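Okay, structure first, notes after.
Residue numbers (this note's numbering): -6 to 108.
Okay, here's the thing in structure tokens:
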């Protein structure tokens, strides 16, 4: 577990916990925001162990600066809305179809093609 705090003007703006699979990929993120303004919101994400296609899009230097998961979100809570994601993967373990469902009843399907 890795604990992270973002501090601005000596005030904790946000804090969170990262949990990892044994291979180093992120398994869970729990984060809270805007504690100083009493505008509290909560983010929670659970990840799979498959490959995230963003590693094919962004150069490795960018991925070292910006902490992007090397795997895919399968469940999240953002601003009190719960999202679930179902994936279909290709032979290389990259997603080719993503179905997103929210507690608000919304549903979207994304397909990805690789060359």
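The C-beta atom is built at its ideal place from N, Cα and C for all residues, glycine as well. All figures in this text were calculated on a predicted structure; none of them were measured in a lab.
(request) Taking only the alpha-carbon atoms, compute the straight-line gap between residue 100 and residue 71 and give it to the nearest angstrom. (result) 15 Å
(message) Alpha carbons only, please: which of 36, 13, 17 is nearest the one belonging to residue 23?
(response) From the listed residues 36, 13, 17, the smallest Cα separation to residue 23 is found for 36.
(request) Would you please state the rounded distance, in angstroms, between the beta carbons of residue 67 and residue 41? I believe it to be under 8 Å. (result) 5 Å
(message) So if DSSP puts residue 75 in a beta bridge, which residue, or which two residues, is it bridged to?
(response) 70
(message) Quick test of your reading: residue 69 and residue 76, contact by CB under 8 Å. State the CB separation rounded to the nearest angstrom.
(response) So it is a contact: roughly 5 Å between Cβ atoms.
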